[in-house]
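Using this note's numbering, read the sequence shown as starting at 224 and increasing by one per residue. Don't be surprised by glycine CBs; every beta carbon is placed ideally from N, CA and C. Given the structure is predicted, the values throughout are model-derived calculations rather than measurements.
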Amino acid sequence: MNAYKYVAFKDEMSRPITVFEYFDSPKEGSEQEEFNRNIPAINQHIRDLGLLQEGRDYVWLTTKDVNEVKKHADKVHHYQEYDNNTYDRDIRRQALLFYKDKINNDLSVIQYLNSKNIVQVRNREKCLAIFNINRRAKSEVWDPRNERHSTYMQAFKDIVNIINEINEDKHLPMHDICFVGSKLTPGEVTDWQNYCAAVGTNLIDLTDVMDAPHGLNRTQQRCVHVALAENYKSTLYFGHQSGVNEDANILPRTNVFSLSEYLHLGQIGISRVEARSQLDPEYQNELGMGGAYSAFGNFYSLRNCEFLTSDGVLAAIQLKLDMHKDNHISLETVWDDVLGRYAWELDVPSIPKKRLDKSEPYVVFCNKYYYIDDIGISDDQAVKRLLNRIFVSAGVDETKFWDKVEDKEAKRAYIEAAELLVRRKLKNQNQFTEQTKVWLTRILEQLFERHDSESPLSAHKKRLEAQNAGRVMYTLGGNQIKHRAIKDTSWSDFWNLVDNQSE
């Protein structure tokens, strides 16, 4: 919806009439009931924008009515076809004019900007890094979908360290740091204030935007982001795969990085992210292809399990094994079984509950308590048992699963995800590995190069190569390709297009 709602900036004659589907009297606990829970969020998106009218621009219909309407429609579009709305130059121009008008005239937006000392600057002197925090309320029952893309704050810290190291190496001012989305905790605010003070840069906390007395809606929040980005030479925007990233590339001089796991191909939701246009076309030629491209306004997908929380890594594996199963087990349960069972099998001395020091990492198995440091399991054994427990709990035969996986790269991705979980649990190694630091540094360094040093399309090729180093390039299907700004039928065709473009 974050990208789709920009159809409001299309001409009324070319704007599609949208039919939102809902289910009448869904069964309790069903997918239909879960689907209906999106209705309030969809309505909020539409109403906050204030440009679309129910009955004229959109309607709500039951599945039965939707199927009837389709019979009488000349052409039916899926809303995902409009994921690239923010790459339409006319839509982009009108949307930014709309936001800037509200920045100047919406009293609530003005008051919030003043409270944060965000005023228009005459000369842009610095760059900005925006981090979108995605957190959902913990559910009583483990739900992988609820955990998969929760923000891993340590990953954000490691990204900031890499950015600052590049700035220091190039003798550039440190990026200002901004947080949007879910609320920072008081402890996190203090940590980031101390960090920014130590490196000599500014912290801009916009995660209180919904608190009293502000209470800004989604559209007003995006106005604040636009006003802030206007003050910087360029902006890097990072967020774990989430709908709130969809239209972030509309911010002035901004490149967006959507962070997600790497489990080879076929991850839940990745196909839609990868199908987005990644380049911001300055104009389109007579073939409907981008004729020139901007150095900014681009949307990239970075795949690495180290971006995720440990719960998120487990959730990603579980959803890959069986995305419809409704009783996957939590990471705490997995570790209790894996480590506790190993300790029980080897007769590791247990700790009486009365003497248990809960400040020390421990697991519980068969009502026996074991300190993790006393268990002494090897990393290889932990990885093997961890994967086996995840497969068993998902109801998937591990042997048959691996027999079907012919690609060694795919198997390696699963094993590396399990190794990451073991490393964090047994060795408390929560920061990026050296391998990930090198990989991400090579990616981000390219954003610091002079934007006129080569054509944007050639620069984009280098960025994609760096981002996909050591990974299988995501393969697009025909339906996905046709919605890209570059209508390439294969990556080789894309590279030919790059190589043939004059610098």
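Quick check on DSSP: helix, strand or coil for residue i?
{"i": "Trp-365", "result": "coil"}
{"i": "Glu-668", "result": "helix"}
{"i": "Leu-426", "result": "strand"}
{"i": "Ala-352", "result": "strand"}
{"i": "Tyr-585", "result": "strand"}
{"i": "Asp-288", "result": "helix"}
{"i": "Gly-252", "result": "coil"}
{"i": "Gly-462", "result": "strand"}
{"i": "Ser-601", "result": "coil"}
{"i": "Lys-591", "result": "strand"}
{"i": "Val-383", "result": "helix"}
{"i": "Tyr-245", "result": "strand"}
{"i": "Ile-341", "result": "coil"}
{"i": "Thr-374", "result": "strand"}
{"i": "Phe-402", "result": "strand"}
{"i": "Ile-240", "result": "coil"}
Along the chain, where does the alpha helix (DSSP H) that runs through residue i open and close?
{"i": "Ala-421", "result": "409-422"}
{"i": "Arg-441", "result": "441-452"}
{"i": "Thr-556", "result": "554-568"}
{"i": "Ser-338", "result": "330-338"}
{"i": "His-268", "result": "262-272"}
{"i": "Asp-626", "result": "621-627"}
{"i": "Lys-685", "result": "679-690"}
{"i": "Val-784", "result": "As displayed, the chain neither begins before 224 nor continues past 726, which places residue 784 out of reach and without an answer."}
{"i": "Arg-646", "result": "631-650"}
{"i": "Ile-540", "result": "533-544"}
Give every residue of the same chain whose Cβ lies closer than 7 Å to the Cβ of residue i, excluding the five residues on either side of it in the sequence, and list them in chain order.
{"i": "Pro-239", "result": "Val-230 and His-300"}
{"i": "Val-645", "result": "Asp-602, Ala-605, Val-606 and Leu-609"}
{"i": "Trp-283", "result": "Phe-243 and Tyr-245"}
{"i": "Trp-558", "result": "Val-586 and Lys-648"}
{"i": "Ser-636", "result": "For clarity, residue 636 is Ala in the given sequence; the question names Ser instead. Around Ala-636: Tyr-485, Leu-486 and His-487."}
{"i": "Phe-671", "result": "Ile-389 and Lys-393"}
{"i": "Arg-665", "result": "Ala-689"}
{"i": "Glu-509", "result": "Only weak support is given to the placement of Glu-509: the predicted model assigns it a pLDDT of 46, under 50, and the value that follows is read from those uncertain coordinates. Nothing listed; no residue qualifies."}
{"i": "Ile-314", "result": "Tyr-229, Phe-232, Lys-233 and Asn-308"}
{"i": "Phe-402", "result": "Phe-354, Ile-356, Asp-428, Leu-429 and Thr-430"}
{"i": "Leu-643", "result": "Cys-528, Glu-529 and Val-536"}
Measuring straight from C-alpha to C-alpha, what distance separates residue i and residue j?
{"i": "Ser-573", "j": "Gly-438", "result": "52 Å"}
{"i": "Phe-461", "j": "Val-571", "result": "44 Å"}
{"i": "Asn-307", "j": "Gly-618", "result": "38 Å"}
{"i": "Gln-658", "j": "Trp-625", "result": "26 Å"}
{"i": "Arg-526", "j": "Gly-273", "result": "35 Å"}
{"i": "Ile-540", "j": "Ile-386", "result": "30 Å"}
{"i": "Glu-568", "j": "Thr-477", "result": "55 Å"}
{"i": "Tyr-335", "j": "Asn-369", "result": "31 Å"}
{"i": "Ser-237", "j": "Lys-684", "result": "33 Å"}
{"i": "Thr-241", "j": "Tyr-281", "result": "4 Å"}
{"i": "Asp-470", "j": "Asp-596", "result": "46 Å"}
{"i": "Asn-550", "j": "Trp-365", "result": "8 Å"}
{"i": "Asn-723", "j": "Ala-682", "result": "Any reading at Asn-723 must be qualified, since the residue scores a pLDDT of 44, below 50, and its modelled position is unreliable; the value itself is stated next. Cα to Cα, Asn-723 sits roughly 14 Å from Ala-682."}
{"i": "Phe-530", "j": "Glu-411", "result": "18 Å"}
{"i": "Ser-177", "j": "Asp-534", "result": "Summary: the structure shown does not reach residue 177, with the chain confined to residues 224 through 726, and so no result is reported for it."}
{"i": "Thr-309", "j": "Thr-656", "result": "35 Å"}
{"i": "Thr-622", "j": "Val-628", "result": "10 Å"}
{"i": "Asn-340", "j": "Leu-451", "result": "10 Å"}
{"i": "Met-224", "j": "Arg-260", "result": "14 Å"}
{"i": "Lys-294", "j": "Asp-288", "result": "10 Å"}
{"i": "Asp-271", "j": "Asp-399", "result": "29 Å"}
Using a Cβ-Cβ cut-off of 6 Å (strictly less than) and excluding sequence neighbours within five positions of residue i, which residues of its own chain qualify?
{"i": "Asn-653", "result": "Gln-377 and Arg-647"}
{"i": "Asn-454", "result": "Val-344"}
{"i": "Ile-269", "result": "Leu-275"}
Along the chain, where does the beta strand (DSSP E) containing residue i start, and where does it finish?
{"i": "Arg-279", "result": "Here Arg-279 belongs to no beta strand (DSSP E), and DSSP marks it neither H nor E."}
{"i": "Leu-395", "result": "No beta strand (DSSP E) contains Leu-395, which DSSP labels as neither H nor E."}
{"i": "Phe-480", "result": "477-483"}
{"i": "Phe-522", "result": "522-526"}
Could you name the residues of the same chain whose beta carbon sits closer than 8 Å to that of residue i, not counting the 5 residues immediately before and after it, in chain order?
{"i": "Ala-692", "result": "Trp-662 and Arg-665"}
{"i": "Ala-318", "result": "Tyr-229, Phe-232, Thr-309 and Ile-473"}
{"i": "Leu-554", "result": "Ser-533, Asp-534, Leu-537 and Leu-644"}
Can we count residue i as close to the ligand NAP, meaning its CB is less than 7 Å from some heavy atom?
{"i": "Phe-530", "result": "Absence of the ligand NAP from the depicted structure is noted, as is the absence of any ligand whatsoever, leaving it without description."}
Under 8 Å: do the stretch 578-597 and the stretch 605-625 share three or more Cβ pairs, one atom per stretch? The answer is no - the stretch 605-625 does not touch the stretch 578-597, with fewer than three Cβ pairs under 8 Å.
Count the C-beta pairs between the stretch 372-386 and the stretch 540-553 that are closer than 8 Å, then say yes if the count reaches three, no if not. Too few Cβ pairs lie closer than 8 Å, so no.
Does the stretch 333-346 come within contact of the stretch 390-401, defined as at least 3 CB pairs closer than 8 Å? Touching, no.
Pair every Cβ in the stretch 582-591 with every Cβ in the stretch 555-572, then say whether three or more of these pairs are closer than 8 Å. Output reads yes: the stretch 555-572 touches the stretch 582-591.
Any chance the stretch 417-437 sits against the stretch 251-262, with 3 or more Cβ pairs inside 8 Å? The stretch 417-437 is not in contact with the stretch 251-262.
Okay, do the stretch 433-447 and the stretch 328-336 touch, 3+ Cβ pairs below 8 Å being the bar? Three or more beta-carbon pairs drawn from the stretch 433-447 and the stretch 328-336 are found closer than 8 Å, and the two stretches are therefore classed as touching.
Evaluate contact between the stretch 357-376 and the stretch 397-411, counting only Cβ atoms and requiring at least three cross-stretch pairs below 8 Å. Cβ pair count under 8 Å is three or more, so yes.
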